[in-house]
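Colleague: The structure's right below; bear with me while I get my questions together.
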Amino acid sequence: MKLISLFALTILLTITSACRKAPTENLETPNWSEYTHGSDTSPDYAKVFNQDEVLRIDIVITPNDWETMQADLAANLTGGGGPPGSISGFDPVWVPSSLFFNGIEWYQVGIRYKGNSSLRSSYQQGIKKLSFKLDFDQFEDTYPAIKNQRFYGFRQLNLKNNYDDLSMVRERVGSDLFRQFGLASPIVTFCALYVDFGSGLQYFGLYSLVEEVDDTMLGSQFGSETGNLYKPDGPAASFAQGSYNDAEMEKKNNESASDYTDVQSLYSAINNSNRVTDPNQWKADLEEIFQTDIFLKWLAANTVMQNWDTYGRMTHNYYLYNNPLGNQLTWIPWDNNEALQNGKQGGALSLSLDEVGNNWPLIRYLLDDAEYMQKYKEYMLQFIQEVFMPDEMTTLYSTYYSLLKDAVYAEEPFYTFLNSDADFDQAIEALKTHVQERNDAVNTYLNQ
Numbered sequence: 245m246k247l248i249s250l251f252a253l254t255i256l257l258t259i260t261s262a263c264r265k266a267p268t269e270n271l272e273t274p275n276w277s278e279y280t281h282g283s284d285t286s287p288d289y290a291k292v293f294n295q296d297e298v299l300r301i302d303i304v305i306t307p308n309d310w311e312t313m314q315a316d317l318a319a320n321l322t323g324g325g326g327p328p329g330s331i332s333g334f335d336p337v338w339v340p341s342s343l344f345f346n347g348i349e350w351y352q353v354g355i356r357y358k359g360n361s362s363l364r365s366s367y368q369q370g371i372k373k374l375s376f377k378l379d380f381d382q383f384e385d386t387y388p389a390i391k392n393q394r395f396y397g398f399r400q401l402n403l404k405n406n407y408d409d410l411s412m413v414r415e416r417v418g419s420d421l422f423r424q425f426g427l428a429s430p431i432v433t434f435c436a437l438y439v440d441f442g443s444g445l446q447y448f449g450l451y452s453l454v455e456e457v458d459d460t461m462l463g464s465q466f467g468s469e470t471g472n473l474y475k476p477d478g479p480a481a482s483f484a485q486g487s488y489n490d491a492e493m494e495k496k497n498n499e500s501a502s503d504y505t506d507v508q509s510l511y512s513a514i515n516n517s518n519r520v521t522d523p524n525q526w527k528a529d530l531e532e533i534f535q536t537d538i539f540l541k542w543l544a545a546n547t548v549m550q551n552w553d554t555y556g557r558m559t560h561n562y563y564l565y566n567n568p569l570g571n572q573l574t575w576i577p578w579d580n581n582e583a584l585q586n587g588k589q590g591g592a593l594s595l596s597l598d599e600v601g602n603n604w605p606l607i608r609y610l611l612d613d614a615e616y617m618q619k620y621k622e623y624m625l626q627f628i629q630e631v632f633m634p635d636e637m638t639t640l641y642s643t644y645y646s647l648l649k650d651a652v653y654a655e656e657p658f659y660t661f662l663n664s665d666a667d668f669d670q671a672i673e674a675l676k677t678h679v680q681e682r683n684d685a686v687n688t689y690l691n692q
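Just remember that the working numbering sits 244 ahead of the position in the sequence shown, which is counted from 1.
If you want it as structure tokens, here you go:
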């Protein structure tokens, strides 16, 4: 059994429950200010996603609401096992909570469990360190006092539990690498999470605090947030011939318009028979609706760093955004906890991607074109020369190890995926070896 470190003991002893209160219907909001809670303020990325510290968030949930959450899990996740990437349509229940950060309270904050197969697997293993989604105005209809409540300008945030990642850093590193390579990707930082569900604050472990792909992120990284945003999930997410289904192109905004013509056009363009009869016209039609260059750039980076839980293997874990500034669908990667490793379930994709068939047309059909294949190879080389460099990555991993060590070592039984502290140490070292191996593999492949 792991011992609680001095780090955890010190924190627990300095926190008293006197300043914590469960939500009440007679809602008062004494900590409210426009900067901290209001919607008429710019998102404070430096505050919410401080890149140099391990943030701390405390959440208080009433015992009754906590029991509601546990009963919901038991009813939907006990027994059986859905296919990878699926929780059989399970939509976890929202409950209100109080959230505390730097001595300030946010009120009636919606909280629910999140995740797909990772949620089911963790739950069935008896792990209590599960992922959460936060929505700061989820209960504004019930509590008008919190109408348009925000967390320093953010409406939703994700607390990811670093499932299947003993290093605890893949979620953040993967997303950072994409952005450093010029791609849109959520901001991520590290967070120590404490939850009081009736018996005082319990340390739930080290989490990744992940930006929601929503209007805030779109405005920040695209300069416009009004275009259609999709999170495809299911067979249609492959864009394979005969797979298209509006219902699986989940719209995250503009739902009332019920307009799917942009993703329908992408499906039609990628599967058009003129790909063989008139390749130049096929490419022109495809590029009119889809940013092929961005996709190839993502594909190169993603394949070099390795990620088995991604397009080409799994029909989920990306967004498509139709940026009004160019009226083209743009690829946005999502969910990187399975990145930066050789993979499982058959392994990560090869650098050549020769094994990818027509059931993944955004890969197969693009790379069957000599010009697109050449761009893909050029981006692979650029990625290892400018972003994914062994010396820089090794230094980064060492920095994260020093930053996270105390918080990771403080994780307790049932609130950790580690069997020992050495698991974390070894996982960080494995990442250092991995970056050199991948650089060597790319150079070998490109020089064949």
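Virtual Cβ for every residue (Gly too), placed ideally from N, Cα, C.
Between the C-alpha atoms of residue 691 and residue 448, what's the straight-line distance to the nearest angstrom?
Modeller: Roughly 47 Å separates the two Cα atoms.
Colleague: Given a cut-off of 8 Å on the beta-carbon distance, is the pair residue 611 and residue 510 in contact?
Modeller: No, the pair does not count as a contact, with Cβ atoms beyond the cut-off.
Colleague: With a threshold of 7 Å on Cβ separation, who are the neighbours of residue 307 within its own chain once the five nearest residues in sequence on each side are excluded?
Modeller: Closer than 7 Å at the Cβ level, and outside the excluded window around residue 307, lie 441, 442.
Colleague: Distance check for residue 477 and residue 487, CA to CA, integer angstroms please.
Modeller: About 12 Å.
Colleague: Between the alpha carbons of residue 558 and residue 480, how many angstroms are there, rounded?
Modeller: Going by the C-alpha atoms only, they are around 11 Å apart.
Colleague: Counting Cβ pairs, one atom from each stretch, are 3 or more of them under 8 Å apart for the region 444 to 458 and the region 398 to 411?
Modeller: Taking 8 Å as the limit for Cβ pairs, the verdict is that the region 398 to 411 does touch the region 444 to 458.
Colleague: Give the secondary structure of residue 314 by DSSP, where H, G and I count as helix, E and B as strand, and everything else as coil.
Modeller: Residue 314 falls in the helix class under three-state DSSP.
Colleague: With distances taken between CB atoms, is the gap from residue 425 to residue 631 smaller than 8 Å?
Modeller: Taking 8 Å as the Cβ cut-off, residue 425 and residue 631 qualify as a contacting pair.
Colleague: Within the chosen definition, does the region 493 to 507 reach the region 464 to 476 through at least 3 CB pairs nearer than 8 Å?
Modeller: Cβ pair count under 8 Å is three or more, so yes.
Colleague: Cβ of residue 562 within 8 Å of Cβ of residue 462?
Modeller: No.
Colleague: In the DSSP output, which residue or residues are listed as bridge partners for residue 471?
Modeller: Answer by DSSP bridge pairing: none, since residue 471 is not bridged.
Colleague: Given a cut-off of 8 Å on the beta-carbon distance, is the pair residue 600 and residue 412 in contact?
Modeller: Against a cut-off of 8 Å, the Cβ pair of residue 412 and residue 600 comes out as no contact.
Colleague: Since residue 342 sits in a beta bridge, which residues does DSSP pair it with?
Modeller: DSSP, once it has assigned bridges, lists 304 as partnering residue 342.
Colleague: Between residue 549 and the rest of its own chain, which residues show a CB-CB distance below 6 Å, the 5 nearest in sequence each way excluded?
Modeller: Closer than 6 Å at the Cβ level, and outside the excluded window around residue 549, lie 583, 584.
Colleague: Between residue 288 and the rest of its own chain, which residues show a CB-CB distance below 7 Å, the 5 nearest in sequence each way excluded?
Modeller: Cβ within range, chain order: 396, 397.
Colleague: Over what stretch of residues does the alpha helix (DSSP H) that includes residue 563 continue unbroken?
Modeller: Not the alpha helix (DSSP H): residue 563 falls in the beta strand (DSSP E), residues 562 to 567.
Colleague: Applying the criterion that 16 or more other CB atoms from any shown protein chain within 10 Å of the CB defines a buried residue, is residue 654 buried or exposed?
Modeller: So residue 654 counts as buried.
Colleague: Per DSSP, what kind of secondary structure is residue 516 in: helix, strand or coil?
Modeller: Note: residue 516 maps to coil in three-state DSSP.
Colleague: Short check: CB of residue 279 to CB of residue 273, under 8 Å?
Modeller: No, the Cβ-Cβ distance between residue 279 and residue 273 is not below 8 Å.
Colleague: Taking 8 Å as the cut-off, decide whether the C-beta atoms of residue 519 and residue 436 are in contact.
Modeller: No; because the gap between Cβ atoms is not below 8 Å, this pair is not in contact.
Colleague: Let me check you understand the geometry: is the CB of residue 659 closer than 7 Å to at least one non-hydrogen atom of the ligand ADP?
Modeller: Inclusion of the ligand ADP in the displayed structure is not the case, the ligand content being empty and no account of it being possible.
Colleague: Please specify which runs of the alpha helix (DSSP H), each continuous and at least 4 residues long, are wholly inside the region 472 to 558, giving them in chain order.
Modeller: Taking only runs of at least 4 residues, the alpha helix (DSSP H) segments lying wholly in the region 472 to 558 are 505 to 514, 518 to 521, 523 to 533, 536 to 549.
Colleague: Taking the C-alpha atoms as reference points, what is the distance between residue 190 and residue 545?
Modeller: With the chain covering only 245 through 692, there is no way to say anything about residue 190.
Colleague: Relative to the alpha-carbon of residue 205, which residue among 341, 414, 405, 591 has its alpha-carbon at the smallest distance?
Modeller: Here the chain has residues from 245 to 692 only, and residue 205 is not among them.
Colleague: Judging by CA-CA distance, which residue of 680, 591, 644 is the nearest neighbour of residue 416?
Modeller: Answer by Cα proximity: 644.
Colleague: List the DSSP bridge partners of residue 575.
Modeller: Answer is 564.
Colleague: Report all residues from its chain with a CB closer than 7 Å to the CB of residue 553; omit the five preceding and five following residues, and keep chain order.
Modeller: 561, 579, 582, listed in sequence order.
Colleague: Where residue 320 and residue 356 are concerned, what is the direct C-alpha to C-alpha distance, given to the nearest angstrom?
Modeller: Each residue's alpha carbon lies about 14 Å from the other.
Colleague: Have a look at 657, 668, 640 and flag the residue whose alpha-carbon is nearest the alpha-carbon of residue 418.
Modeller: Out of 657, 668, 640, 640 has the C-alpha closest to the C-alpha of residue 418.
Colleague: Suppose you measure from the CA of residue 346 to the CA of residue 459; what does that come to, to the nearest Å?
Modeller: Whole-angstrom Cα-Cα distance: 26 Å.
Colleague: Within its chain, find whatever has a CB closer than 6 Å to the CB of residue 282; leave out the 5 residues flanking it on each side and keep chain order.
Modeller: So the list is empty, once near-sequence residues are dropped.
Colleague: List, from N- to C-terminal side, the alpha helix (DSSP H) runs of 4 residues or more that fit wholly inside the region 569 to 653.
Modeller: Within the region 569 to 653, the complete alpha helix (DSSP H) runs of at least 4 residues are 605 to 611, 614 to 630, 634 to 653.
Colleague: Does DSSP classify residue 253 as helix, strand or coil?
Modeller: Low local confidence applies: a pLDDT of 35 at residue 253 is under 50, so the model's placement there is unreliable, with the coordinate-based value given in what follows. It is helical.
Colleague: By the DSSP assignment, the beta strand (DSSP E) with residue 382 in it spans what residues?
Modeller: That residue, residue 382, is in no beta strand (DSSP E); it is neither H nor E in DSSP.
Colleague: Can you tell which of 570, 374, 309, 316 has its C-alpha closest to the C-alpha of residue 408?
Modeller: For the residues 570, 374, 309, 316, the minimum Cα distance to residue 408 belongs to 374.
Colleague: Please determine, among 420, 434, 372, the residue with the shortest C-alpha to C-alpha distance to residue 649.
Modeller: Looking at the Cα atoms, 434 is the closest of the given residues.
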